[in-house]
Amino acid sequence: MTATDDRPVWAVRMRSERDARGWSQADAVRAMRAKSSHNLPTDSTLLRNWRRWESGESRPDEFYAPIIAAAFDTVTAAFFPKSRPNRDDELLSATGMDTLEFIGRLRMSDVNSATLDAVRITAERLCCEYAYADPYALHTEGTAWLRRITSLLDGRLTLSQHREILVLAGWVALLVGCVDYDLGRRGGAEATRRAADSLGREAGNAEIVGWAAEMSAWFALTQGNFRGAIDVSEKAMAGTTSSSVGVQLAAQRAKGWARLGDRRNVQTALDEGRAILSRMGHPADLDNHFVVDATKFDFYAMDCCRVAGQDRLAERYAQQVISDSTRPDGSVRNPMRVSEARLTLAVVAVRDRDLERAVEEGVAAFSAGRKSLPSLAWIAGEAAREIIERYPGDHRTQTFLEQLRTLNVG
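Be aware that the sequence shown starts at 1, since it is given in our numbering, and climbs by one per residue.
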């Protein structure tokens with residue numbers, strides 16, 4: 001989008017996607033027709049509509065938007081993202097305050113039950129946006145809220161208020177640390193992880209301390225320190241065997257053991273995670289990054305099966321992960337999981353001697369707007385080794401490797 005282009009983002013994308021394929025507007029209309037399961041108007045009518053849409057004169061409605069997205073091999077929510085929920089409405093309904101009043105009270109260190117409710121809602125919202133929000137924007141907002149929340153600790157508080165603010169700051173610090181790492185900022189991620197650990201310990205919150213340890217295990221895995229990831233996860237398990245973080249710690253152990261070739265310990269770790277899940281009730285909010293639900297277990301098993309060479313199981317799990325991560329309207333609720341699932345399908349395909357499909361799935365994995373750069377580079381690197389081993393000189397291998405290099409993890 002140029003500095004002088006004031007068309008909506010979706011209109012600019014319609015033109016850029018069309019240009020990238022070398023299509024005329026008539027070609028785009030034909031692609032719409034090919035992807036539609038409904039009867040559409042005449043080509044001349046669709047062409048007039050396309051011109052209005054691409055110029056930004058009118059926005060495609062709920063009927064046409066999915067067809068346009070499908071024509072460009074993407075999903076509606078990616079092409080025509082819905083506006084984010086009105087935060088003032090959410091806060092107002094729960095606390096009687098809008099955002100400006102809320103921030104004003106924070107600046108004055110005016111802490112009452114309504115203020116704490118508003119902080120709680122904000123922390124929860126930030127954690128729920130992790131899977132899909134722009135990481136730079138989420139990091140900026142999360143960091144700003146972390147400063148505001150921790151500034152309350154300098155005010156006059158009751159013991160219970162002090163503890164609750166420590167807990168809320170701990171959750172937001174965990175979130176900011178995760179986003180830091182997603183962006184390849186290892187130093188910042190580790191510093192924020194340690195801050196979250198400190199807040200959790202001061203508050204006496206075992207779950208926050210557990211998630212801080214889980215982040216250490218995650219960092220170690222993506223940096224190839226598999227034994228270190230296992231050790232961190234094992235030490236952190238005490239006190240977490242009835243919560244989400246216990247499931248995640250068990251999964252990180254399983255991933256580490258898988259890469260060390262120890263199938264028995266992989267199964268032991270997965271069984272432990274499964275047992276914790278079976279004891280937990282169904283979570284109220286599946287969007288929260290720090291809430292693990294049963295569907296995520298397929299994601300863990302997929303990784304371990306792929307590494308162990310259990311291709312058919314890995315393929316089945318990958319397909320299920322994609323299905324579970326896709327809403328009925330075709331939009332993706334968890335693009336990072338889908339990317340890893342596509343890389344799993346790429347590995348299975350290359351083992352099946354289908355390089356074309358392997359590269360197709362691999363390149364699709366890199367196309368998601370929301371990425372965890374170290375995690376994606378780690379799994380893609382494993383896929384690349386398999387592709388190079390079987391097809392070292394093929395130009396399609398080079399295509400995959402060029403896409404991998406663009407991740408440019410810092």
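Even for Gly, the Cβ is constructed at its ideal location relative to N, Cα and C.
Query raised in the report: Is the stretch 186 to 196 touching the stretch 227 to 234, taking contact as three or more C-beta pairs under 8 Å?
Result: no
Query raised in the report: First and last residue of the alpha helix (DSSP H) that includes residue 36?
Result: From DSSP, residue 36 is part of no alpha helix (DSSP H); its letter is neither H nor E.
Query raised in the report: Where does residue 417 sit, in a helix, a strand or coil, going by DSSP?
Result: What is shown of the chain runs 1 to 410, which leaves residue 417 out entirely.
Query raised in the report: In terms of residues, what are the limits of the alpha helix (DSSP H) holding residue 460?
Result: Residue coverage of the chain in this structure runs from 1 to 410, which leaves residue 460 outside it and unanswerable.
**Report entry** Distance CB(residue 145)-CB(residue 172) smaller than 8 Å
**Finding:** yes
Query - Environment of residue 362 [buried if 16+ CB atoms lie within 10 Å] - result: buried
Query raised in the report: For the stretch 247 to 254 against the stretch 265 to 273, are there 3 or more C-beta pairs whose distance is under 8 Å?
Result: yes
Requested in this report: Scan the stretch 334 to 361 and note each continuous alpha helix (DSSP H) run of 4 residues or more that stays entirely inside, going in chain order.
Outcome: 335 to 351
Query raised in the report: Out of 130, 63 and 116, which has the shortest C-alpha to C-alpha gap to residue 337?
Result: 130
**Report entry** Close-in-space but distant-in-sequence residues of the same chain around residue 15 (CB under 7 Å, 5 per side omitted)
**Finding:** 54
Query raised in the report: Are three or more beta carbon pairs between the stretch 179 to 187 and the stretch 153 to 170 nearer than 8 Å?
Result: no
Requested in this report: Would you kindly work out how many angstroms separate the C-alpha atoms of residue 395 and residue 404, rounded to a whole number?
Outcome: 14 Å
**Report entry** Beta-bridge partners of residue 332, as assigned by DSSP
**Finding:** 326
Requested in this report: For residue 346, I'd like the list of residues in its chain whose CB is within less than 6 Å of its CB, leaving aside the five on either flank, ordered along the chain.
Outcome: 358, 361, 362 and 383
Report task. Identify whether residue 139 lies in helix, strand or coil by the three-state DSSP scheme. Result -> helix
Requested in this report: Label residue 80 either buried or exposed according to how many other C-beta atoms from any shown protein chain fall within 10 Å of its C-beta, with 16 as the threshold for buried.
Outcome: buried
Report task. Would you mind stating whether residue 298 and residue 128 have Cβ atoms separated by less than 8 Å? Result -> no
Query raised in the report: Within this structure, are the beta carbons of residue 317 and residue 301 separated by less than 8 Å?
Result: yes
Query raised in the report: Short check: CB of residue 40 to CB of residue 25, under 8 Å?
Result: no
Query raised in the report: Taking the C-alpha atoms as reference points, what is the distance between residue 58 and residue 52?
Result: 6 Å
Report task. Out of 388, 42 and 407, point me to the one whose CA is closest to residue 374's CA. Result -> 407
Requested in this report: With a cut-off of 8 Å on the beta carbons, I'd call residue 329 and residue 76 a contact; round off their distance for me.
Outcome: 6 Å
Query raised in the report: From 150, 215 and 311, pick the residue whose C-alpha is nearest to that of residue 245; which is it?
Result: 215
Query raised in the report: Is the Cβ-Cβ distance between residue 220 and residue 209 less than 8 Å?
Result: no
Query raised in the report: From residue 283 to residue 392, what distance separates their C-alpha atoms?
Result: 46 Å
Query raised in the report: Do residue 170 and residue 199 have their C-beta atoms within less than 8 Å of each other?
Result: yes
Query raised in the report: Just how far apart, CA to CA, sit residue 195 and residue 212?
Result: 9 Å
Query raised in the report: DSSP state of residue 6, grouped into three classes?
Result: coil
Requested in this report: Over the uninterrupted alpha helix (DSSP H) stretch that includes residue 378, give me the two end residues.
Outcome: 373 to 390
Report task. Compare the C-alpha of residue 135 against each of 72, 176, 114 and 343 and name the closest. Result -> 176
Query raised in the report: How big is the Cα-Cα spacing for residue 201 and residue 163?
Result: 11 Å
Query - Delimiting residues of the alpha helix (DSSP H) encompassing residue 237 - result: Premise fails: residue 237 is in no alpha helix (DSSP H) and is neither H nor E.
Query raised in the report: Alpha carbon to alpha carbon, what distance is there between residue 288 and residue 125?
Result: 8 Å
Query raised in the report: Is it true that the CB of residue 132 sits closer than 8 Å to the CB of residue 8?
Result: no
Query raised in the report: Rounded to a whole number of angstroms, what is the C-alpha to C-alpha distance between residue 280 and residue 343?
Result: 30 Å
Query raised in the report: If you compare alpha carbons, which of 236, 308, 238 and 223 is closest to residue 258?
Result: 308
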